[in-house]
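Below is one structure; the comments refer to it alone.
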């Protein structure tokens, strides 16, 4: 197994994909730049009296069966699991909870489809999504990683109705947990479902924090890719825009330090050298390629 | 100014300090490994009828005056601002909101003290901290970065009482926003204050997401430092523990992919080569040193 430092050393932030597509952004900010699915997926999930509910250490997962048809192809639902806070953002805003419904193709091709549903806390603190309440009913039994319990009866009809009636952002990304497989079809509901505070607090107390850091928008550099970071550093030396935005941030947000901590504010602005930085970036790319060679 | 890619390209995750102390962990997970302040700071803040409330793009800030005495030294309170989600975690758990009260030394030494207060949503959705409600009363006026409004009357007594009666985690870190000054004294209240959903949702809708990614525990490698990451990769090749934990995560969380996506599950486990990885890590360190030379 690829020896990237993952859990528990670094938490989920550094879950980068080992494949060469590592620099492909994965879980993005669905906004107007992300295409919407042109047709709603046809979702069929049988209601159950109880399902297995597991604490995997990295997430809380419910084992369910169903079939989702996307673009004429059938995908089998295997489980849904939770992330807090959300891994996707809508117009830059994060949400307190996100559910991932993970499917694989019925034709044995290995294709994966993840239907993602965001949750927003209700202003009254109580209005919620009953499916989530039922799924987490026995959460007190699974406070320890590796433990398993059962859900209350699960009625999927309201969820299916929601997914049939809300726009779905549609893009190709990767799984956000190891092995971070690429070429995963994501369908992200742009309208969140309601969530009550008690359920949120209970889930958060068990999960703690399990969101991979949200990537840049599609087409932008992968935030977790070192080569991309080096390129951005190099580009920053040339692009006035970056310096300007940096300056603006520095000027307003750090007002106090600037006004009062002379030693910080007066630190000389270093002379940047784009050529040197480009050369370094190129070295980093070599190192990165070598690493990829080693890890196959 | 140091041309690291900061906002808006990468969001707050990559706010690393430009100083050589960049690898010093900054905003940590206060848990039992973080010392508690041995004496409560003496906090004196004058209640006001109204204060300036600004949207800085990167945060929402309230301009206030006060004096906090820490270890016999007086620090002047200049502002408090908000982060969502929290930048600190308690026993690994994040919180929906965090307030930073930023002080600088009255003696002109430039020393900075940040008193951090976490907020937890109340199960009833309504119980809250009145100071926060008052501070954000006119938030609808400052939806755009660069806009300013006024708060409702601010009564600091309950906050001061809370800080006098709850244990405070005490460590030296850095500012979490540019210029990310080092040697900042953090005092983090281990008990959160209550927060109502309506205020949380309003603040989140304006701020969107402005938490720097939480660092490792004190003494562990800085998550945002590339050399440290390379070292962790190298160490991972040798330390069975890392591989074991990785394997566990991979086995349970990616159950679906493993069970159903043969091409993913059957990807050969690459033979790792600790020596090669160490060599690469050492090259990365050279590159890092060179970068630091360039940027001064």
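Residue numbers (UniProt numbering), protein chains in the order written: chain A, 1 to 296; chain B, 1 to 296. Idealized CB from N, CA, C, for every residue including glycine.
Is it true that the CB of residue 75 of chain A sits closer than 8 Å to the CB of residue 117 of chain A?
With a cutoff of 8 Å on beta-carbon distance, residue 117 of chain A and residue 75 of chain A are scored as not near each other.
Would you say residue 150 of chain B lies against chain A (beta-carbon separation less than 8 Å)?
no
Can you tell me whether residue 97 of chain B is helix, strand or coil according to DSSP?
In this structure, residue 97 of chain B counts as strand in the three-state DSSP scheme.
Whole-angstrom distance between residue 67 of chain A and residue 194 of chain A, CA atom to CA atom
So the alpha carbons of these two residues sit roughly 24 Å apart.
Using a C-beta to C-beta distance shorter than 8 Å, which residues of chain A count as neighbours of residue 201 of chain B?
120, 121, 123
State the Cα-Cα distance for the pair residue 132 of chain B and residue 43 of chain B, rounded to the nearest angstrom.
18 Å
For residue 59 of chain A and residue 88 of chain A, which I take to be in contact (beta-carbon distance under 8 Å), what is that distance rounded to the nearest angstrom?
15 Å between Cβ atoms; not a contact.
List the residues that DSSP assigns as beta-bridge partners of residue 183 of chain B.
Residue 183 of chain B is not bridged to any residue.
What distance in whole Å lies between the Cβ atoms of residue 156 of chain B and residue 65 of chain B, which are believed to be in contact at a cut-off of 8 Å?
About 11 Å; that fails the 8 Å criterion.
Just the C-alpha distance for residue 111 of chain B and residue 51 of chain A, rounded to the nearest angstrom, thanks.
56 Å
Under 9 Å by beta carbon: chain B residues contacting residue 50 of chain A:
Result: empty, since nearest Cβ-Cβ is about 19 Å, beyond 9 Å.
Kindly indicate which residue of B/136, B/93, B/62, B/71 has the alpha-carbon position closest to the one of residue 204 of chain A.
If we check each option's Cα against that of residue 204 of chain A, B/93 comes out closest.
Closer than 9 Å, Cβ to any Cβ of chain E: which residues of the segment 154-166 of chain A, in chain order?
Among the protein chains of the structure shown, namely A and B, there is no chain E.
With a cut-off of 8 Å on the beta carbons, I'd call residue 199 of chain A and residue 128 of chain A a contact; round off their distance for me.
Yes, residue 199 of chain A and residue 128 of chain A are in contact; Cβ-Cβ is about 6 Å, under 8 Å.
I'd like the span of the beta strand (DSSP E) that includes residue 194 of chain A, first residue to last.
193-195 is the span of the beta strand (DSSP E), which, as asked, contains residue 194 of chain A.
Per-residue burial, residue 41 of chain A [other beta carbons within 10 Å of its own, 16 or more giving buried]
buried
Residues of the segment 90-118 of chain A with a CB closer than 9 Å to any CB of chain B: list them in chain order, please.
91, 92, 93, 94, 95, 96, 102, 103, 104, 105, 108, 109, 110, 111, 112
Can you pull the chain A residues whose beta carbon is under 7 Å from the beta carbon of residue 197 of chain B, in chain order?
Under the 7 Å cutoff, chain A gives 121, 122, 123, 125, 197.
Based on the DSSP output, what are the partners of residue 200 of chain A in its beta bridges?
The partner list for residue 200 of chain A (beta bridge, DSSP) is empty, contrary to what the question assumes.
Applying a beta-carbon distance threshold of less than 8 Å, which residues of chain B neighbour residue 205 of chain A?
93
Check whether chain B comes within 8 Å of residue 80 of chain A, counting only Cβ atoms and requiring the distance to be less than that.
no
CA-to-CA distance, residue 125 of chain B to residue 196 of chain B, given in whole angstroms:
Rounded to the nearest angstrom, the gap between the Cα atoms of residue 196 of chain B and residue 125 of chain B is 5 Å.
Just to make sure I have the definition right: I need the residues of chain B whose C-beta is within less than 9 Å of the C-beta of residue 209 of chain A. Which are they?
85, 89, 92, 93, 94, 214
Look up residue 173 of chain A in the DSSP assignment and give the residues it is bridged to.
A/184
According to DSSP, residues forming a beta bridge with residue 116 of chain B:
B/100, B/188
Reduced DSSP category for residue 134 of chain B - H, G, I as helix; E, B as strand; rest coil
helix
Can you tell me whether residue 141 of chain B is helix, strand or coil according to DSSP?
helix
Could you check the C-alpha separation between residue 170 of chain A and residue 210 of chain A for me, to the nearest Å?
Between residue 170 of chain A and residue 210 of chain A, the C-alpha separation is close to 23 Å.
Does the Cβ-Cβ distance between residue 142 of chain B and residue 55 of chain B come in under 8 Å?
yes
Taking just the CA atoms, how far does residue 206 of chain A sit from residue 96 of chain A?
As the crow flies, the alpha-carbon of residue 96 of chain A is around 14 Å from that of residue 206 of chain A.
Do you know how far the Cα of residue 122 of chain B is from the Cα of residue 314 of chain B?
With chain B covering 1 to 296 only, the question about residue 314 of chain B has no answer from this structure.
Distance, Cα to Cα, residue 22 of chain A vs residue 191 of chain A?
Note on residue 22 of chain A: pLDDT 23, under 50, position unreliable in the model; the coordinate value appears next. Those two C-alpha atoms are separated by around 29 Å.
What residue ranges within the segment 34-113 of chain B form continuous beta strand (DSSP E) runs of no fewer than 3 residues, ordered along the chain?
Look at the segment 34-113 of chain B and you find these whole runs of beta strand (DSSP E), each 3 residues long or longer: 42-45, 52-55, 60-70, 73-83, 97-105.
Segment limits, beta strand (DSSP E) that includes residue 149 of chain B:
148-150
Nearest-angstrom Cα separation, counted from residue 78 of chain A out to residue 103 of chain A
6 Å
Suppose the cutoff is 7 Å on Cβ atoms and the five residues either side in sequence are ignored; what does the same chain contact list for residue 137 of chain B look like?
151, 152
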